[in-house]
Ligand SMILES: [Zn+2]
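In our numbering, the protein residues as written are 119 to 180.
Printed below as a string of structure tokens:
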């Protein structure tokens, strides 16, 4: 599973996210990536899969 790092614009913390499932552009469902700390929707995209978000451990934050 490929994980990426995103940064929340609202609280400024970083979190990991991954996309799972059969992903292709233009899927008919919109998935939101919500900040695991404050719940802000950081981004959303049309995908056929799912977006999971994870908190970073403290020592992983940059
Ligand atoms: Zn946040």
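Each residue gets a CB set at the ideal place from its N, CA and C atoms; glycine is no exception.
Given the structure is predicted, the values throughout are model-derived calculations rather than measurements.
- In chain order, 162, 163, 165, 168, 169 place their CB closer than 7 Å to the CB of residue 149, counting only its own chain and leaving out the 5 sequence neighbours on each side.
- In the DSSP assignment, residue 136 falls within the unbroken beta strand (DSSP E) covering 132–138.
- Distance from the CA atom of residue 120 to the CA atom of residue 137, rounded to whole angstroms, is 7 Å.
- When DSSP states are grouped into helix, strand and coil, residue 122 belongs to the strand group.
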